[in-house]
Amino acid sequence: MKAQTNIILTILIIFCSCQRAKNKGKELIEKSKNEIADVSKKTWKKSVNFVFNSFSSTENVTLKDIYSDEIIPGMDEMKSVQINFPPNFYSCYFKYKTDKAGIIKFLSELKTKQPEISDAEIKKSDGNELKKNLEFIEREMPDFKKEISFFYNIENIEKIEFYRCNKYPNANYLAIDVDKGIIYHLIEKYWN
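Laid out in structure tokens, this is it:
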């Protein structure tokens, strides 16, 4: 009887030990899967960022380059830069002085081939689009920040108004320094 009890006890101990080992093995496999997934995501992100930054470039640009078929209101252009991103997209940063009503009318009347996804007229906004764009440049493309450093002046303007007007294929975002009459204009080519 004592031998049978010892055998049963031994079997129970072995069974419990095997079950714990099996559970630990599952935990270890799950932890390894998560770590591999994290490393893969980080590697993929670094690769994409490297390619994205390597093939991005800047160039000089004017509003006439973007809207060549339009009559652009008179302005004193102060600075402008276009950042080209793969695959064939861009963001243009302008700083100029012009009549606020004139540029609002100009953007509202821009022609578009896809009115169903375009704004009919310019709208006031909270400026989030501009802020997100600048945060993206700082976070993902810090080498380009110095190229558009003039655009970061919007962060220090006390009396500022924001507008947006999406006219396919471009999204237009304005930050207007009300006191000085200076307009910061971001144009992004967007997907439909």
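Numbering (my numbering), first residue to last: 932 to 1123.
We put the CB at the ideal spot given by N, CA and C, even for glycine.
A quick note: this is a predicted structure, and the numbers were derived from the prediction, not measured.
Please state if the CB of residue j and the CB of residue i are separated by a distance shorter than 9 Å.
i	j	result
Ile1114	Lys1031	yes
Ser1049	Tyr1094	no
Thr1029	Asp1007	yes
Lys1120	Phe1020	yes
Leu1041	Glu1001	yes
Ser1022	Asn1064	yes
Tyr1124	Lys1036	Since the first residue of the chain shown is 932 and the last is 1123, residue 1124 is not available in this structure.
Ser987	Pro1018	no
Glu1071	Ile1014	no
Ile1091	Gly1058	yes
Who pairs with residue i in a beta bridge, going by DSSP?
i	result
Val1012	Tyr1024
Lys1120	Asn1101
Asp1007	Lys1028
Need the endpoints of the alpha helix (DSSP H) that residue i sits in, please.
i	result
Ile1034	1031–1039
Lys1055	Where Lys1055 is concerned, there is no enclosing alpha helix (DSSP H), although the beta strand (DSSP E) it sits in stretches over 1054–1056.
Lys1063	1059–1071
Using DSSP with H/G/I as helix, E/B as strand and the rest coil, what is residue i?
i	result
Tyr1099	coil
Ala934	helix
Glu1001	coil
Ser1049	coil
Ser1080	helix
Asp1110	coil
Rounded C-beta distance between residue i and residue j? I'm assuming under 8 Å.
i	j	result
Asn1103	Leu1038	5 Å
Tyr998	Met1009	Contact doesn't hold; Cβ gap of about 18 Å is too wide.
Pro1004	Ile1034	6 Å
Asp1108	Ile1088	5 Å
Lys1076	Glu1086	Not a contact, Cβ separation roughly 13 Å.
Since residue i is in the beta strand (DSSP E), which residue starts that stretch and which ends it?
i	result
Glu1089	Element bounds for Glu1089: n/a, residue is neither H nor E.
Thr989	988–990
With a threshold of 9 Å between beta carbons, is residue i in contact with chain C?
i	result
Met1009	Here chain C cannot be found, since the structure has a single protein chain.
Under the criterion of a Cβ to heavy atom distance below 8 Å, does residue i qualify as lining the ligand MG?
i	result
Leu1038	With respect to the ligand MG, the structure offers nothing, as it holds no ligand at all.
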